[in-house]
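Residue numbers for the sequence shown follow numbering that gives the first Met the number 0, so the first one is 0 and each next one is one higher.
By construction, the Cβ of each residue, glycine as well, lies at the ideal position given by its N, Cα and C atoms.
Heads up, the thing below is written out as structure tokens.
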Amino acid sequence: MHGFEFKTQPYDHQRKALEASWAADYFALFMEMGTGKSKVAIDNVGVLYEAGKINAVLVIAPKGVYHNWAKREIDLHLPDRIPRKIFSWKPVVSKKYERELTDFMVEKHDGVKVFCVNVEAFSSRRGTEAAVTYLHHNPDNMIIVDESTTIKNRKALRTKNIMALQKESKYRRILTGSPVTKSPMDLFSQCNFLEEKALGFNSYFAFMGRYANVVKRTMGHKSFQEIVGYRRLDELSEKLNRFSYRVLKEECLDLPPKVYVKR
């Protein structure tokens with residue numbers, strides 16, 4: 000990335016995050032809200048595009064966020080010298096929109112194409128098929144999952160559909176301020192999306208057996224495994240450190256007193 004000219008100058012922590020992540024096939028940006036993780040991801044797109052590695056991006060974000068990527072974040076941080084074509088997913092079906100979507104997915108573009116889709120769309124067949132088609136026609140791609148705790152539930156249909164995109168992707172990034180909301184088990188599907196064995200396990204139950212204390216419970220005729228505690232968390236943290244960058248707002252000494260994030 001040496002010689003890359005930024006459109007908006009990064010803070011020190013953003014530069015460190017980019018230096019750590021830009022060339023990796025998969026990486027996690029665990030950066031607290033207000034520290035500018037989306038800028039790091041967009042700079043990463045710019046670096047890889049100018050290195051001839053990618054020409055397409057799929058951004059997956061929650062309903063209130065994905066439009067912000069399309070309307071503001073990409074143009075704010077991606078250098079003007081890089082041509083771009085940005086397209087947003089719409090749940091409403093119309094023949095005109097479907098034609099525009101198909102043209103966008105399959106056409107060649109002299110620059111980088113960015114398809115922004117809300118994570119909820121992956122609960123539907125239509126949204127999932129659109130993403131798969133886009134990635135299939137644009138194999139030199141990167142998938143960015145913003146607010147990746149939205150795929151922490153391994154049983155959810157949208158999580159399963161997003162996980163299946165891995166085989167169509169070249170580079171993968173997950174972004175979130177706090178990857179663990181209730182339990183260290185939240186990490187499994189997020190990291191498994193990045194790489195099946197990023198944490199050393201492709202089975203959730205093997206992962207749980209390593210890092211959770213589990214007790215067998217019985218209620219009536221049913222029995223189940225209950226997590227009553229956690230173990231080996233230092234080991235888990237060491238594994239995460241191999242493919243992630245973590246920063247808290249209080250650690251960013253060069254940030255202004257307030258950083259406004261448009262939602």
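Cβ-Cβ distance between Ile81 and Tyr133 below 7 Å: no
C-beta atoms of Ser168 and Asn140 nearer than 7 Å: yes
Boundaries of the beta strand (DSSP E) in which Cys115 is found, first to last residue: Val111 to Asn117
Top-ranked residue by Cα proximity to Arg98, from His1, Ala129, Phe26 and Leu77: Ala129
Own chain, CB closer than 6 Å to Ser243, minus 5 neighbours either side, in chain order: Ala27 and Phe29
Inter-stretch contact (C-beta, 8 Å, three-pair minimum) for the region 2-14 and the region 33-46: yes
Bridge partners - Glu225, DSSP secondary structure assignment: Val214
Buried versus exposed call for Gln13 [16 or more other C-beta atoms within 10 Å across all chains shown]: buried
Touch test, the region 158-175 against the region 68-77, Cβ-Cβ under 8 Å, three pairs minimum: no
Short Cβ contact (7 Å threshold) for Ile265 with Val39: The shown model of the chain, from 0 to 262, leaves out residue 265, and the question about it has no answer.
Buried or exposed (CB count within 10 angstroms, at least 16 for buried), Lys151: buried
Cross-strand partners of Arg171 (DSSP beta bridge): Tyr25 and Ile142
Near the ligand ADP: Gln165 beta-carbon under 6 Å from a heavy atom: This structure lacks the ligand ADP; in fact it carries no ligand of any kind.
Range of the contiguous alpha helix (DSSP H) that encloses Arg231: Looking at the DSSP string, Arg231 is not in any alpha helix (DSSP H), and its letter there is neither H nor E.
Beta-ladder partner(s) of Ile59, from DSSP: Val116 and Val144
Sequence-distant residues of its chain with Cβ nearer than 8 Å to Glu18 (five each side left out): Met0
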